[in-house]
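Novice: The structure follows.
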Amino acid sequence: MLYNTAKLGDQDLKMIQEFEKKLGRPVLAFSGQDYQPASLTETQMKEIKDLEKKLDLCLVALS
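48 is the number that full-length UniProt numbering gives to position 48 of the sequence shown; each next residue is one higher, with no gaps.
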């Protein structure tokens, strides 16, 4: 399962904003996406890791 920032409707956003005020802290909303990671060769994994290092990101290849 991978998580992305949630797409919120007006009502959901309002509820979260009210909760943030009550909590006194910002709150991030994420929603899960059911993706299957790809099976990669060692060479492909090395290429992804090298690119991750260059970009300072986490990359996931999907099936």
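Using N, Cα and C, we set each Cβ at its ideal position, and we do this for glycine too.
Using the C-alpha atoms, what's the distance from P37 back to K48?
Specialist: The question names Lys, but residue 48 is Ile in the sequence shown. In a straight line, the C-alpha of I48 is about 13 Å away from that of P37.
Novice: Note down the Cα distance separating K54 from D34, rounded to an integer number of angstroms.
Specialist: 27 Å
Novice: V27 to C58, Cα distance in whole Å?
Specialist: 22 Å
Novice: Grab the span of the beta strand (DSSP E) containing Q33 for me, first residue to last.
Specialist: Element bounds for Q33: 30-33.
Novice: Residues bridged to P37 by DSSP?
Specialist: DSSP lists L62 as partners of P37.
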